[in-house]
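Asks: Here this note's numbering = 1-based position in the sequence shown + 54. We put the beta carbon where it would ideally sit given N, CA and C, even for glycine. These numbers were taken from a predicted model, which means no experiment stands behind them.
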Amino acid sequence: MTKGAETKATILEQAISMASVYGLEGLTIGQLAKETRMSKSGLFGHFGSKEALQFSVLDAVIKNFALLVMEPARKELTGNTQLEILFAKWTQWISIDQRAGGCLLIAASTELDDRPGELREYLAKQQIEWLDCIRRMAQKAVSQDSLKIGLDTRQFAFEFHSIGLSLNFSLRLLNDQKAPERAYTAFSKLMQNAKSQPTTITRYNN
55 MTKGAETKAT ILEQAISMAS VYGLEGLTIG QLAKETRMSK SGLFGHFGSK EALQFSVLDA
115 VIKNFALLVM EPARKELTGN TQLEILFAKW TQWISIDQRA GGCLLIAAST ELDDRPGELR
175 EYLAKQQIEW LDCIRRMAQK AVSQDSLKIG LDTRQFAFEF HSIGLSLNFS LRLLNDQKAP
235 ERAYTAFSKL MQNAKSQPTT ITRYNN
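Shown next, in the form of structure tokens:
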């Protein structure tokens, strides 16, 4: 890595920490210059604009998430194990994030949901890929007879994702130290329901 690239990486790491606390919109060249003890012109030389800085931050976090959470799971041979590793890595990502603001991707999903533009479109595209990653692993488990035939894998992905969001909420806002345990209980139930063959329930009208 060249000295310039190393400097940019250091700046970007500080920018990610700031964005985790203040949001992407709260990330300014001026504030970042103070934190890194660099000139504004020097930062503009690396990123060009506030918008480019915001995109670089979001892109860096997304790539890191893929490397630490998604890739380890993809290396597993069975769909069931992929799902188990994916859930473990994701809850770890949420639970032990050392930045004061926690998971930037979850925070950005709330911050950008009503703000049309390049950032929102990019984040939405990546989150769709995340949900599809879960769905494909579940579908692989179905094809290997580990999960039941006919499983609604999109619904499965929705519920899988919802557990992580609830974990983040309980840890960050409620400071519930038992939240990881509750998350694993919810995941175990989700997997068990996905393995069980559906039963017919008769509805009686009065």
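What residue range does the alpha helix (DSSP H) around Q218 cover?
Replies: The residue asked about is misnamed: residue 218 is Gly in this sequence, not Gln. It spans 207 to 226 - the alpha helix (DSSP H) in which G218 sits, taken as one unbroken run.
Asks: So, is S74 buried or exposed, given that buried needs 16 or more other C-beta atoms within 10 angstroms?
Replies: With 16 or more Cβ atoms within 10 Å of its Cβ, S74 is classed as buried.
Asks: Which runs of the alpha helix (DSSP H), 4 residues or longer, sit entirely within the region 105 to 189?
Replies: Correct list: 125 to 128, 133 to 149, 158 to 166.
Asks: In angstroms with no decimal places, state the Cα-to-Cα distance between T82 and K104.
Replies: Cα to Cα, T82 sits roughly 6 Å from K104.
Asks: How should M245 be labelled, buried or exposed, when 16 other C-beta atoms within 10 angstroms of its C-beta is the threshold for buried?
Replies: Its Cβ being crowded by 16 or more others within 10 Å, M245 is buried.
Asks: When we look at the beta-carbon of A106 and count the other beta-carbons within 10 Å, is it buried (16 or more) or exposed?
Replies: Classification for A106: exposed.
Asks: At what residues does the alpha helix (DSSP H) containing T239 begin and finish?
Replies: Residues 233 to 249.
Asks: Give the DSSP-derived three-state secondary structure of K202 in the structure shown.
Replies: Residue state, collapsed to three classes: coil.
Asks: To the nearest angstrom, report how far apart R189 and A211 are at their CA atoms.
Replies: The straight-line gap from Cα to Cα measures roughly 5 Å.
Asks: Would you call Q152 buried or exposed, if buried means 16 or more other Cβ atoms sit within 10 Å of its Cβ?
Replies: Residue confidence for Q152 is low, a pLDDT of 49 falling below 50, so the modelled location carries little weight and cannot support an answer.
Asks: Do V196 and G133 have their C-beta atoms within less than 9 Å of each other?
Replies: Their beta carbons are under 9 Å apart, which means V196 touches G133 by this criterion.
Asks: Given a cut-off of 9 Å on the beta-carbon distance, is the pair L219 and L112 in contact?
Replies: The answer is no: Cβ separation not under 9 Å.
Asks: Alpha carbon to alpha carbon, how far is R174 from D168? Give it in angstroms, no decimals.
Replies: Each residue's Cα considered, the two are about 8 Å apart.
Asks: Please state the DSSP three-state secondary structure of T90.
Replies: The answer is helix: DSSP assigns T90 an H, G or I state.
Asks: So, helix, strand or coil for S103, using DSSP?
Replies: Coil, per DSSP.
Asks: State the Cα-Cα distance for the pair L185 and E235, rounded to the nearest angstrom.
Replies: L185 and E235: Cα-Cα distance of roughly 23 Å.
Asks: Using 8 Å for Cβ pairs, my map puts L140 next to M191. What's the rounded Cβ distance?
Replies: Right, the Cβ-Cβ distance comes to about 6 Å (below 8 Å), so this counts as a contact.
Asks: Where does F241 land, buried or exposed, given buried means 16+ other C-beta within 10 angstroms?
Replies: The residue in question, F241, is buried, as its Cβ has 16 or more Cβ neighbours within 10 Å.
Asks: Identify which residue in E79, T64, A63 has its Cα closest to the Cα of A162.
Replies: Closest option to A162, Cα to Cα, is E79.
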